[in-house]
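Residue numbers (this note's numbering): 571 to 645.
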Amino acid sequence: MIPLDYGSLGYHVVSSLSFTSNIIYWKEAGYFDVASHDKWLLHTWSLSVEWQFYIIYPLFLVGLKEFSLLKKLKP
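Given below as structure tokens:
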């Protein structure tokens with residue numbers, strides 16, 4: 571690997587560890603594009619989607635319920 575590729579790999583490692591790799595890969599190239607064949611961690615996009623759906627989304631819904639204006643309007 572050339573040094574430029576190490577920088578890109580490090581960026582992808584950080585995005586995988588922070589569970590944002592699906593967003594990063596979506597912005598860079600399509601899943602079946604030729605440019606995607608060189609991405610070593612492309613398979614981590616699905617883990618990011620699952621984490622966002624099963625962890626972040628329920629927390630968002632609970633927060634929305636707690637801070638909802640409808641709750642404050644009820645007697």
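Ideal Cβ placement from N, Cα and C applies to all residues, glycine included.
Given the structure is predicted, the values throughout are model-derived calculations rather than measurements.
Could you name the residues of the same chain whose beta carbon sits closer than 6 angstroms to that of residue i, not counting the 5 residues immediately before and after it, in chain order?
i: L611; result: H582 and S586
From the DSSP output, in three-state form, read off residue i for me.
i: S638; result: coil
i: D603; result: coil
i: F649; result: Past the edges of the chain, shown from 571 to 645, lies residue 649, and the structure says nothing about it.
Would you kindly check if the distance between the Cβ of residue j and the Cβ of residue i is under 8 angstroms?
i: K609; j: Y624; result: no
How many whole angstroms separate the CB atoms of residue i and residue j, which I take to be in contact at a CB cut-off of 8 angstroms?
i: S591; j: G600; result: At roughly 15 angstroms, the Cβ-Cβ gap does not stay under 8 angstroms, so S591 and G600 are not in contact.
i: S616; j: F589; result: Wrong, their Cβ atoms sit about 11 angstroms apart, outside the cutoff.
Keeping to the same chain, check which residues put their C-beta closer than 8 angstroms to that of residue i; ignore five residues upstream and five downstream.
i: M571; result: L579
Residues in the same chain with beta-carbon distance under 7 angstroms from residue i, minus the five sequence neighbours each way, listed in chain order, please.
i: T614; result: S586 and S591
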